[in-house]
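**Student:**
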Amino acid sequence: MQRAAERDPRDRRDQGEQRVRGGLHRVLVGAAVVPVMLIAAGCSSDSGSGEGAGDGAKGSSSSPSASASPSPTVQAAVYKSLPQPCKVLSKKTLEDLVPKSKSGKAGTSDDASTRGTCSWSSLDNNGVKGSQFRWLNTSLLRFESNVTRGSGEKLAREYYETQVQDARSVSGAKNTKSEPAAGVGDEATAVRYDLKKKEGSFKQVTVVARVENVVVTVDYNGAGFAGDKAPSADTLNKLAQKAAKEAVAAVAKANGSGSAGTPSSAPSKSASKSPSKSPSEDSSKAASSSPSKTASKKS
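In terms of our numbering, the sequence shown opens at residue 2 and continues consecutively.
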């Protein structure tokens, strides 16, 4: 009986130790689970933040690139058409310059809105008393703006300068004189000289005028035949400038303006400058080249 009693405390101690060990085991297992859960949570958090960063990078890479530079522009040409070249001069003016002419002869043109010419000839034949010959030619050239080569006005100005230089350097010309033609378009020059031909001695006047993007060239010459005296160079010059002024006015009228200046629908020159220019004006139509230079016909 005593041994049984002595065994009971040991049994109870053993059972207590087992309960303690079991509690500690549960505590340790629980403590081990918590870090695992924390680690899992941390991994989940890192994974989420990584996806967000990836989305941000993708968003950044897919954002539109900087807008391209605007295309070069050029000032639009003021005049869009030309009048009929044989109708730019009034009947009264033609009677003064070529009194015996019946009608003008239009030159051929592949584009009437870009170029045109017309010529008249007059012979006042007085038999043995002599004869007076006159020849008149008007030439109209219009230039379109081109983004590569420049504005129509710029191209017309360049052509105007070339025409004036050509008139000043005619082969065989003598007593050449050049002067501004006042009141004719935006700029105009009258060049006159004497020229010896097989038919006789001629006095020639060439008036080159520019109005906006159009160049008007008037060639006028005269000679006295069969002993008749040569015409006055001053008179020929005055009449040629009159014809040039009238032709310039016809260009403006054909484009909706009553004067040779800027059309009423077009902005003033100071306000019409283009904010950006092409690298060279520079400029346009599929056929980007301006009308090729044609030398004025000389009789």
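Note that CB positions come from ideal geometry on N, CA and C, so glycine has one too.
From S114, Q133, G117, V129, pick the residue whose C-alpha is nearest to that of S123; which is it?
**Tutor:** On the sequence shown, position 122 is the one that residue 123 refers to. If we check each option's Cα against that of S123, Q133 comes out closest.
**Student:** Short of 6 Å in beta carbon distance, which residues of its chain neighbour C119, apart from the five on each side in sequence? Order them along the chain.
**Tutor:** Taking the first residue of the sequence shown as position 1, residue 119 is located at position 118. The residues are P86, C87, G105, A107, T139.
**Student:** Are the segment 189 to 208 and the segment 216 to 229 in contact at 8 Å, needing three or more beta carbon pairs?
**Tutor:** The segment 189 to 208, when compared against the segment 216 to 229, does touch it at the 8 Å Cβ threshold.
**Student:** Three-state secondary structure (DSSP) at P1?
**Tutor:** Not covered by the structure: residue 1. The range shown for the chain is 2 to 300.
**Student:** Can you tell me the Cα-Cα spacing of L156 and V165, whole angstroms?
**Tutor:** Locating residue 156 in the sequence shown gives position 155, where the first residue counts as 1. Locating residue 165 in the sequence shown gives position 164, where the first residue counts as 1. For L156 and V165, the distance between alpha carbons rounds to 14 Å.
**Student:** For G117, which residues from the same chain have a beta carbon less than 6 Å from its beta carbon, with the 5 sequence-adjacent residues on both sides left out?
**Tutor:** The residue labelled residue 117 in the question sits at position 116 within the sequence shown. Excluding sequence neighbours, G117 sits near L83, P86, S110, L141.
**Student:** If you follow the beta strand (DSSP E) that L125 is in, where does it begin and where does it stop?
**Tutor:** Numbered from 1 along the sequence shown, position 124 holds the residue referred to as residue 125. Strictly speaking, residue 125 in this sequence is Asp, with Leu absent from that position. Here the beta strand (DSSP E) through D125 covers 116 to 126.
**Student:** Ordered along the chain, which non-local residues of its own chain (more than five positions away) have a Cβ less than 7 Å from that of V249?
**Tutor:** Translated into positions along the sequence shown, residue 249 becomes position 248. Excluding positions up to five away in sequence, the list reads V185, G186, A210, V212, V217, A261.
**Student:** How is N214 classed by DSSP in three states: helix, strand or coil?
**Tutor:** In the sequence shown, the residue the question calls residue 214 occupies position 213. Coil.
**Student:** Whole angstroms is fine: what's the gap from K243's alpha carbon to P71's?
**Tutor:** Along the sequence shown, read from residue 1 onward, the residue named residue 243 stands at position 242. Along the sequence shown, read from residue 1 onward, the residue named residue 71 stands at position 70. About 46 Å.
**Student:** Quick test of your reading: Y194 and N176, contact by CB under 8 Å. State the CB separation rounded to the nearest angstrom.
**Tutor:** By one-based count along the sequence shown, residue 194 stands at place 193. By one-based count along the sequence shown, residue 176 stands at place 175. Confirmed, Cβ separation roughly 6 Å.
**Student:** In angstroms with no decimal places, state the Cα-to-Cα distance between G128 and R158.
**Tutor:** The residue labelled residue 128 in the question sits at position 127 within the sequence shown. The residue labelled residue 158 in the question sits at position 157 within the sequence shown. Between G128 and R158, the C-alpha separation is close to 46 Å.
**Student:** Quick one, which of A227, A191, L137 has its alpha-carbon nearest R169's?
**Tutor:** Taking the first residue of the sequence shown as 1, we reach residue 169 at position 168. Cα-wise, what sits closest to R169 is A191.
**Student:** Can you name the start and end residues of the alpha helix (DSSP H) that Q76 belongs to?
**Tutor:** Position 75 of the sequence shown, counted from the first residue, corresponds to residue 76. Unbroken run through Q76: none, as it is neither H nor E.
**Student:** Going by beta carbon distance, what residues of the same chain come within less than 7 Å of W121, once the five residues before and after it are set aside?
**Tutor:** Counting from one through the sequence shown, the residue named residue 121 turns up at place 120. Answer for W121: L95, V99, S102, G105, L137, listed in chain order.
**Student:** Are there 16 or more other CB atoms within 10 angstroms of the CB of P181, so buried, or fewer, so exposed?
**Tutor:** What you label residue 181 is simply residue 180 of the sequence shown in a count that begins at 1. Burial call: exposed.
**Student:** Taking Cβ to Cβ, would you say A251 is nearer than 9 Å to V79?
**Tutor:** On the sequence shown, position 250 is the one that residue 251 refers to. On the sequence shown, position 78 is the one that residue 79 refers to. Going by C-beta atoms, A251 is not nearer than 9 Å to V79.
**Student:** Check each candidate in K239, V219, P73, S114 and name the one with the smallest Cα separation from N256.
**Tutor:** In the sequence shown, residue 256 corresponds to position 255, counting from 1. The option with the nearest alpha carbon to N256 is S114.
**Student:** Can you tell me whether DSSP reads V99 as helix, strand or coil?
**Tutor:** Within the sequence shown, residue 99 is the residue found at index 98, counting from 1. Three-state DSSP puts V99 in coil, outside helix and strand.
**Student:** Write down the C-beta distance between R135 and N214 rounded to the nearest angstrom, noting that I regard them as a contact closer than 8 Å.
**Tutor:** Counting from one through the sequence shown, the residue named residue 135 turns up at place 134. Counting from one through the sequence shown, the residue named residue 214 turns up at place 213. At roughly 31 Å, the Cβ-Cβ gap does not stay under 8 Å, so R135 and N214 are not in contact.
**Student:** Helix, strand or coil: which one does DSSP assign to Q242?
**Tutor:** The residue you call residue 242 lines up with position 241 of the sequence shown. Q242: helix per DSSP, three-state reduction.
**Student:** Among all the DSSP beta bridges, which residues are the ones paired with V208?
**Tutor:** Translated into the one-based positions of the sequence shown, residue 208 becomes position 207. For V208, which the question treats as bridged, DSSP gives the partners A191, V219.
**Student:** Got a sec? Which residues, its chain only, sit under 7 Å from G228 by beta carbon, not counting five neighbours each side?
**Tutor:** Counting from one through the sequence shown, the residue named residue 228 turns up at place 227. Once the five neighbours on either side are set aside, the close Cβ partners of G228 are G131.
**Student:** Indicate the three-state DSSP secondary structure (helix, strand or coil) for E247 in the structure shown.
**Tutor:** Stepping through the sequence shown from its first residue, residue 247 is reached at position 246. Note: E247 maps to helix in three-state DSSP.
**Student:** Which value, in whole angstroms, describes the spacing of the CA atoms of K93 and P73?
**Tutor:** Numbered from its first residue, the sequence shown carries residue 93 at position 92. Numbered from its first residue, the sequence shown carries residue 73 at position 72. Distance between the alpha carbons of K93 and P73 is about 47 Å.
**Student:** Which of helix, strand or coil does DSSP assign to E159?
**Tutor:** Here residue 159 corresponds to residue number 158 of the sequence shown, with the count starting at 1. Helix.
**Student:** If you draw a straight line from the alpha carbon of D235 to that of D97, how long is it in whole angstroms?
**Tutor:** In the sequence shown, the residue the question calls residue 235 occupies position 234. In the sequence shown, the residue the question calls residue 97 occupies position 96. For D235 and D97, the distance between alpha carbons rounds to 14 Å.
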